[in-house]
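S.K.:
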Amino acid sequence: MSDIIRLLPDSVANQIAAGEVIQRPASVVKELVENAIDAGAHHVDVLVTDAGKTCIQVIDDGKGMSDTDARMAFERHATSKIREASDLFALHTMGFRGEALASIAAVAQVELRTCTDDAQLGTSVTISGSKVEKQEPIACPKGSNFAVKNLFFNVPARRKFLKSNQTELSNILTEFERIALVNPDVSFTLHHNDTEMLNLPAIQLRQRIMGVFGKKLNQELLSLDVQTTMVKLHGFIGRPETARKKGARQFFFVNGRYMRHPYFHKAVADAYENLIPAGEQVSYFIYFEVDPANIDVNIHPTKTEIKFENEQAIWQILSAAVKETLGRFNAVPSIDFDTEGMPDIPAFENSPYSLVQPPKTSYDPSYNPFNTGGSYTPRRHTDWEPLFQGLEKEHSGSSQDGGEPFVEEPLPEQEFEASPTLYDAHPEEKPLEKATQHYQYKGCYILTSVKSGLMIIDQQRAHIRILYDQYMTQMENRQHVSQRMLFPDMVHFASSEIPVLESIMDDLSALGFDLSSLGGGTYAINGVPAGIEGLNPETLITNMVQTAIEKGCKVKEEIQSTLALALAKAAAIVPGQVLTNEEMNNLVDGLFAVSTPNYTPDGKSVLAVLKEEDLEKLFK
Numbered sequence: 000m001s002d003i004i005r006l007l008p009d010s011v012a013n014q015i016a017a018g019e020v021i022q023r024p025a026s027v028v029k030e031l032v033e034n035a036i037d038a039g040a041h042h043v044d045v046l047v048t049d050a051g052k053t054c055i056q057v058i059d060d061g062k063g064m065s066d067t068d069a070r071m072a073f074e075r076h077a078t079s080k081i082r083e084a085s086d087l088f089a090l091h092t093m094g095f096r097g098e099a100l101a102s103i104a105a106v107a108q109v110e111l112r113t114c115t116d117d118a119q120l121g122t123s124v125t126i127s128g129s130k131v132e133k134q135e136p137i138a139c140p141k142g143s144n145f146a147v148k149n150l151f152f153n154v155p156a157r158r159k160f161l162k163s164n165q166t167e168l169s170n171i172l173t174e175f176e177r178i179a180l181v182n183p184d185v186s187f188t189l190h191h192n193d194t195e196m197l198n199l200p201a202i203q204l205r206q207r208i209m210g211v212f213g214k215k216l217n218q219e220l221l222s223l224d225v226q227t228t229m230v231k232l233h234g235f236i237g238r239p240e241t242a243r244k245k246g247a248r249q250f251f252f253v254n255g256r257y258m259r260h261p262y263f264h265k266a267v268a269d270a271y272e273n274l275i276p277a278g279e280q281v282s283y284f285i286y287f288e289v290d291p292a293n294i295d296v297n298i299h300p301t302k303t304e305i306k307f308e309n310e311q312a313i314w315q316i317l318s319a320a321v322k323e324t325l326g327r328f329n330a331v332p333s334i335d336f337d338t339e340g341m342p343d344i345p346a347f348e349n350s351p352y353s354l355v356q357p358p359k360t361s362y363d364p365s366y367n368p369f370n371t372g373g374s375y376t377p378r379r380h381t382d383w384e385p386l387f388q389g390l391e392k393e394h395s396g397s398s399q400d401g402g403e404p405f406v407e408e409p410l411p412e413q414e415f416e417a418s419p420t421l422y423d424a425h426p427e428e429k430p431l432e433k434a435t436q437h438y439q440y441k442g443c444y445i446l447t448s449v450k451s452g453l454m455i456i457d458q459q460r461a462h463i464r465i466l467y468d469q470y471m472t473q474m475e476n477r478q479h480v481s482q483r484m485l486f487p488d489m490v491h492f493a494s495s496e497i498p499v500l501e502s503i504m505d506d507l508s509a510l511g512f513d514l515s516s517l518g519g520g521t522y523a524i525n526g527v528p529a530g531i532e533g534l535n536p537e538t539l540i541t542n543m544v545q546t547a548i549e550k551g552c553k554v555k556e557e558i559q560s561t562l563a564l565a566l567a568k569a570a571a572i573v574p575g576q577v578l579t580n581e582e583m584n585n586l587v588d589g590l591f592a593v594s595t596p597n598y599t600p601d602g603k604s605v606l607a608v609l610k611e612e613d614l615e616k617l618f619k
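Going by numbering that gives the first Met the number 0, the sequence shown opens with residue 0, and the numbers climb by one from there.
Next comes the structure, spelled out in structure tokens:
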């Protein structure tokens, strides 16, 4: 049998590695910008064309590379970050594996221009699909200039699976924000299709966070600073009253590297357990500083999952630090048990004051100050209750203020029997109680009788079903009803959210929203759909944008469905709301007027029928 095992060519191996390291254009931006940070750059420019599909250019003013290093940098496992295996436990840089540039060059056309500080000429290297096409000296400024063109040009399958430009641009901005938040001493600019999207000067951390997410966030943050021998923590956490269901800014960083850590997130969530409603989240920006020997960053290709040696101990420190910060800024209701210097207030005892009666006021209800004729004689006080008994009976008139006696003429017997009064003590006929068509149970369910048995309807889901169909019809026919706002509200979006917002702007307008850009990621809400009174339009639009980001819809119909469902859930009646008979009738009639009344748009059951034979079995 002949040998069948052979070594893969370097180009094929680099393409396989690119499948792990380079997943989308955002991965290229991440790797190149992190290399610029490792090179000691103070200013980084990122220029993107067509969401990175056509060109990604990263320019920095770092150390630069010599002509030999410029060529060696594209070789697999070539790196300046580590020398031996022990260096993996003392990492102070972003990259270390030496696979980023090789992977990028395997699936794109790369041009590098670089020059060191002490060199007169720089070096230009052109690589296409792992093949070096040209290398020559060139005049260029200090630093490095990477131009990555036609990403996945030689892997058509990978290029076909790229998402829309708005989605890919949003991913690029997300990666860009993570790097900018952890390097406030470095200035960044980001351009997309020759349009400046971000311009972040070198500034303090708090100002950097506001530069990325808006100045409104400054009022929501509390400073956190804890130093222990095991870990140092600093950063900011959100106030409990600023919790939201979607769109919370939640970031963990360790030694200048962004990370995802569900275990530490649970520590922060537990600190807010009794302070925020269930299902809501708060923003936080927490920075860890630990000994590199106590963490392992090489457990995932994206290097966003990090293993800690003392996770449980750090969990306790983090939880205590968050609670201490909340208490220090009076964000937690406190009970003062210190009674020193407090006045001694005796407990109330009822027995000594049982004989004390409140004062009473006496007055004559028969006194008329406008009566000028005759003399006034005070009348004896009489009880009012007997005056309302037996009004159907005749009563003799009495002389009042010297006038003639008043005699009431009795009504005919037939008329009196036909029109009983509210004050009738013993009416001959009691009004018949009219049974309601529907019955509401605990403010959540509507019970109604049908031919097959007893139907139980979830009133909230039924309302969602009705509103969803209405909003979808409005978007299809462009027959929205917008209500202008007297004082427009302001809503701010992060740079990574703006492309998604612009992609759904037409659908928002079809629903009845009127947004106008004020620049800097701030939008004015000039109009909202009619029928959503009582809802916060800022929160509503933010949740709809976050839903569109989570869904990642490409097809226009799917985006419209997502927006209509999000708005219907927000505008629907809440569980526990008591409905009148007319409201229940309208809700049931509207439910059975839609095409699919049995299920909500997201597949949840709206109604259930308890059959008549099942009811009979309960009483056997």
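Every residue, glycine too, gets a C-beta built ideally from N, C-alpha and C.
Hey, residue 149 and residue 58 are a contact pair by Cβ (cut 8 angstroms); roughly how many whole angstroms apart?
M.R.: Locating residue 149 in the sequence shown gives position 150, where the first residue counts as 1. Locating residue 58 in the sequence shown gives position 59, where the first residue counts as 1. About 19 angstroms separates the two Cβ atoms, so there is no contact after all.
S.K.: Put residue 5 into one of helix, strand or coil per three-state DSSP.
M.R.: What you label residue 5 is simply residue 6 of the sequence shown in a count that begins at 1. In the structure shown, residue 5 sits in coil (DSSP, three-state: anything other than H, G, I, E or B).
S.K.: Assuming the contact rule is C-beta atoms closer than 8 angstroms, residue 260 and residue 251 should be a hit. Round their C-beta distance to whole Å, please.
M.R.: Walking along the sequence shown from the start, residue 260 turns up at place 261. Walking along the sequence shown from the start, residue 251 turns up at place 252. About 5 angstroms; that satisfies the 8 angstroms criterion.
S.K.: Taking the straight line between their C-alpha atoms, what separation do you get for residue 204 and residue 214?
M.R.: If you number the sequence shown from 1, residue 204 lands on position 205. If you number the sequence shown from 1, residue 214 lands on position 215. Roughly 13 angstroms between the two C-alpha positions.
S.K.: What are the residues that DSSP puts in a beta bridge with residue 251?
M.R.: The residue you call residue 251 lines up with position 252 of the sequence shown. Bridge partners of residue 251: 258 and 285.
S.K.: Please classify residue 63: is it buried, with 16 or more other beta-carbons within 10 angstroms of its beta-carbon, or exposed?
M.R.: Locating residue 63 in the sequence shown gives position 64, counting from the first residue. By the neighbour-count rule (16 or more Cβ atoms within 10 Å), residue 63 is buried.
S.K.: Under DSSP, the alpha helix (DSSP H) around residue 115 begins and ends at which residues?
M.R.: Residue numbering aside, residue 115 sits at position 116 when the sequence shown is read from its first letter. Element bounds for residue 115: n/a, residue is neither H nor E.
S.K.: What does residue 220 pair with, by DSSP beta-bridge criteria?
M.R.: Here residue 220 refers to the residue found at position 221 of the sequence shown. Beta-bridge pairing links residue 220 to 237.
S.K.: Given a cut-off of 8 angstroms on the beta-carbon distance, is the pair residue 289 and residue 230 in contact?
M.R.: Within the sequence shown, the letter at position 290 stands for residue 289. Within the sequence shown, the letter at position 231 stands for residue 230. Yes; because the gap between Cβ atoms is below 8 angstroms, this pair is in contact.
S.K.: Tell me the rounded alpha-carbon separation between residue 293 and residue 310.
M.R.: Within the sequence shown, the letter at position 294 stands for residue 293. Within the sequence shown, the letter at position 311 stands for residue 310. When rounded, the distance between both Cα atoms is 10 angstroms.
S.K.: Within 10 angstroms of the Cβ of residue 449, are there 16 or more other Cβ atoms? Answer buried if so, exposed if not.
M.R.: For the purposes of this step, residue 449 is taken as the residue at position 450 of the sequence shown. Counting Cβ neighbours within 10 Å, residue 449 comes out exposed, since fewer than 16 surround it.
S.K.: What separation, rounded to the nearest whole angstrom, lies between the Cα atoms of residue 364 and residue 579?
M.R.: For the purposes of this step, residue 364 is taken as the residue at position 365 of the sequence shown. For the purposes of this step, residue 579 is taken as the residue at position 580 of the sequence shown. Their Cα atoms are separated by approximately 42 angstroms.
S.K.: Look at the alpha carbon of residue 152 and the alpha carbon of residue 201, and state the distance between them as a whole number of angstroms.
M.R.: For the purposes of this step, residue 152 is taken as residue 153 along the sequence shown, with counting starting at 1. For the purposes of this step, residue 201 is taken as residue 202 along the sequence shown, with counting starting at 1. Straight-line Cα distance between these residues: approximately 36 angstroms.
S.K.: Should residue 467 go down as buried or exposed, given a rule of 16 or more other Cβ atoms within 10 Å for buried?
M.R.: One-based indexing of the sequence shown puts residue 467 at position 468. Burial call: buried.
S.K.: Whose CA, out of 32, 15, 440 and 518, lies closest to the CA of residue 196?
M.R.: Counted from its first residue, the sequence shown places residue 196 at position 197. Answer by Cα proximity: 518.
S.K.: Exposed or buried, what is residue 265 when buried is set at 16 or more other beta-carbons lying within 10 Å of its beta-carbon?
M.R.: Numbered from 1 along the sequence shown, position 266 holds the residue referred to as residue 265. The residue in question, residue 265, is exposed, as its Cβ has fewer than 16 Cβ neighbours within 10 Å.
S.K.: Inspect the CB distances between the segment 99-117 and the segment 129-148 and report whether three or more fall short of 8 angstroms.
M.R.: The answer is yes - the segment 129-148 touches the segment 99-117, with three or more Cβ pairs under 8 angstroms.
S.K.: Contact check, residue 318 vs residue 270 under 8 angstroms by CB: the rounded distance?
M.R.: Numbered from its first residue, the sequence shown carries residue 318 at position 319. Numbered from its first residue, the sequence shown carries residue 270 at position 271. With 8 angstroms as the limit, residue 318 and residue 270 qualify as a contact, their Cβ atoms being about 6 angstroms apart.
S.K.: Only counting runs of 3 or more residues, tell me where the beta strand (DSSP E) segments fall wholly within the segment 126-190, in order along the chain.
M.R.: For the segment 126-190, whole beta strand (DSSP E) runs of length 3 or above, ordered along the chain, are 130-137 and 142-148.
S.K.: Helix, strand or coil: how does DSSP classify residue 568 here?
M.R.: Residue mapping note: residue 568 aligns to position 569 of the sequence shown, counting from 1. It is helical.
S.K.: Would you grab the beta carbon distance between residue 13 and residue 79 for me? Rounded to a whole angstrom, and I think it's under 8 angstroms.
M.R.: Taking the first residue of the sequence shown as position 1, residue 13 is located at position 14. Taking the first residue of the sequence shown as position 1, residue 79 is located at position 80. About 19 angstroms; that fails the 8 angstroms criterion.
S.K.: Is it true that the CB of residue 462 sits closer than 8 angstroms to the CB of residue 566?
M.R.: As a working mapping, residue 566 is identified with position 567 in the sequence shown. As a working mapping, residue 462 is identified with position 463 in the sequence shown. It is not a contact, given that the beta carbons lie outside the stated cut-off.
S.K.: Leaving out the 5 sequence neighbours to the left and right, which residues in its chain are closer than 8 angstroms to residue 604 when beta-carbon positions are compared?
M.R.: Taking the sequence shown and counting its residues from 1, the one referred to as residue 604 is at position 605. For residue 604, where only same-chain residues beyond five positions count, the Cβ hits under 8 angstroms are 457, 460, 597 and 598.
S.K.: Using only alpha-carbon positions, find the residue among 514, 130, 116 and 286 that is nearest to residue 140.
M.R.: Taking the first residue of the sequence shown as 1, we reach residue 140 at position 141. With distances taken between Cα atoms, residue 140 lies closest to 116.
S.K.: Since I believe residue 40 is in contact with residue 211 (beta carbons under 8 angstroms), could you give me their beta-carbon distance rounded to a whole number of angstroms?
M.R.: As a first step, residue 211 is located in the sequence shown; it is residue number 212 there, counting from the start. As a first step, residue 40 is located in the sequence shown; it is residue number 41 there, counting from the start. Actually they are not in contact, since the Cβ atoms of residue 211 and residue 40 sit about 19 angstroms apart, beyond 8 angstroms.
S.K.: Is the Cβ-Cβ distance between residue 680 and residue 482 less than 8 angstroms?
M.R.: No information on residue 680 is available, as it lies outside the stretch 0 to 619 that the chain covers here.
S.K.: Would you kindly work out how many angstroms separate the C-alpha atoms of residue 606 and residue 48, rounded to a whole number?
M.R.: For this step, residue 606 is matched to residue 607 along the sequence shown. For this step, residue 48 is matched to residue 49 along the sequence shown. Roughly 51 angstroms between the two C-alpha positions.
S.K.: Going by other Cβ atoms of all chains shown within 10 Å of its Cβ, with 16 needed for buried, is residue 183 buried or exposed?
M.R.: Numbered from its first residue, the sequence shown carries residue 183 at position 184. When all chains shown are included, residue 183 counts as buried.
S.K.: For residue 274 versus residue 498, is the C-beta spacing smaller than 8 angstroms?
M.R.: Position 275 of the sequence shown, counting from 1, holds the residue named residue 274. Position 499 of the sequence shown, counting from 1, holds the residue named residue 498. Contact flag unset, no.
S.K.: Considering only residues of the same chain and omitting the five flanking positions on each side of residue 561, which have a CB-CB separation below 7 angstroms?
M.R.: Start at 1 with the first residue of the sequence shown, and residue 561 comes out as number 562. So the list reads 546, 547, 550 and 552, once near-sequence residues are dropped.
S.K.: On the DSSP letters alone, give me the boundaries of the alpha helix (DSSP H) that residue 229 sits inside.
M.R.: Position 230 of the sequence shown holds residue 229. Per DSSP, residue 229 belongs to no alpha helix (DSSP H) and is neither H nor E.
S.K.: Look up residue 366 in the DSSP assignment and say whether it is helix, strand or coil.
M.R.: What you label residue 366 is simply residue 367 of the sequence shown in a count that begins at 1. Residue 366: coil per DSSP, three-state reduction.
S.K.: Within a Cβ cutoff of 6 angstroms, which residues of the same chain sit near residue 522, ignoring the five residues on either side of it in sequence?
M.R.: Position 523 of the sequence shown holds residue 522. Answer for residue 522: 490, 514 and 516, listed in chain order.
S.K.: Which of the three DSSP states is assigned to residue 527 in this structure?
M.R.: Within the sequence shown, the letter at position 528 stands for residue 527. The answer is strand: DSSP assigns residue 527 an E or B state.
S.K.: Grab me the residues of residue 323's own chain with a C-beta within less than 8 angstroms of its C-beta, minus the 5 sequence neighbours each way, in chain order.
M.R.: Sequence index remark: in the sequence shown, residue 323 carries index 324 (1-based). Once the five neighbours on either side are set aside, the close Cβ partners of residue 323 are 225.
S.K.: Tell me which residues share the same chain as residue 308 and place their Cβ nearer than 6 angstroms to its Cβ, disregarding the 5 neighbours each side in the sequence.
M.R.: On the sequence shown, residue 308 is found 309 positions in, with the first residue counted as 1. Excluding sequence neighbours, residue 308 sits near 293.
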